[in-house]
Amino acid sequence: MLKAYAAARFFIVQIDVDMRVLLRAMAADPTARVTTEKLLALVLRESIEGVYRVLGDLQRTARTQAGRFADFVEVDQLTAAQDAYKRNIRDIAEDRPFKETLVKIRNEVAAHMFSDEVGIESAAAWVVSRSVMPKTDDAMFNSLIFSRSIQVLRALHTLDEALASIRRM
53 MLKAYAAARF FIVQIDVDMR VLLRAMAADP TARVTTEKLL ALVLRESIEG
103 VYRVLGDLQR TARTQAGRFA DFVEVDQLTA AQDAYKRNIR DIAEDRPFKE
153 TLVKIRNEVA AHMFSDEVGI ESAAAWVVSR SVMPKTDDAM FNSLIFSRSI
203 QVLRALHTLD EALASIRRM
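Quick note, the numbering used here runs 52 ahead of the 1-based positions in the sequence shown.
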């Protein structure tokens, strides 16, 4: 039980730190957007899918735990926290084109710059598409990846606060 709980909390903190570092880097140097935005897309994709995995594992463990830590978390409160998180990012989860774009960025730009199917074209197209973007300090506010990252950060913050309060001592 403790392992699943710690894994969920660690995952949330790690995603939070990664996103904040990348958002600050994007704000500090608008010319670095070509790099920061693709890495932010990678973290954003992982956060959207990964939270469901770690919460699902925590939920399964909490429901089946026996012995000393059987009541470590309030299962009803955990379910409520999961439901609130899902509501907070529902529009992202239901935005199929956006999620497909994140997968494409992950597979063809951020994680693998060269692939057998598309060669280097996707990575080159990414660089070109970002090079024509405005280099002003406020240009990042027009990025869907930026705005969705802020939304996920807020949802993760709320979720983390809820997870901190569901423990029974």
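Using N, Cα and C, we set each Cβ at its ideal position, and we do this for glycine too.
Query: Closest by C-alpha distance to S99, when choosing among R72, Q134, I67; Result: I67
Query: Residues sharing a beta bridge with R97, DSSP; Result: Partner(s): none; R97 has no beta bridge.
Query: Contact belief for F63 with G102 at Cβ below 8 Å, rounded distance in angstroms; Result: 6 Å
Query: Expected contact under 8 Å - CB spacing of F124 and Q134 to nearest Å; Result: Their Cβ separation, rounded to whole angstroms, is 16 Å, which puts F124 and Q134 out of contact at 8 Å.
Query: Residue(s) in a DSSP beta bridge with V125; Result: R219
Query: Alpha-carbon to alpha-carbon, A136 and R85; Result: 31 Å
Query: Continuous alpha helix (DSSP H) stretch holding F193: start and end; Result: Element bounds for F193: n/a, residue is neither H nor E.
Query: Three-way DSSP call (helix, strand, coil) for Q117 in this model; Result: coil
Query: C-beta atoms of A56 and L130 nearer than 7 Å; Result: no
Query: For K90 and R158, the rounded distance between their alpha carbons; Result: 8 Å
Query: Contact set for D70: own chain, Cβ-Cβ below 6 Å, skip 5 residues either direction; Result: V95
Query: Distance between M53 and E213 (C-alpha atoms, nearest Å); Result: 18 Å
Query: Own chain, CB closer than 8 Å to I141, minus 5 neighbours either side, in chain order; Result: I100, Q203, V204, A207
Query: Coarse secondary structure for E152, derived from DSSP in three states; Result: helix
Query: Range covered by the alpha helix (DSSP H) that runs through D147; Result: It is not in any alpha helix (DSSP H) - D147 carries neither H nor E in the DSSP assignment.
Query: A79 versus S195: straight-line alpha-carbon distance, rounded; Result: 12 Å
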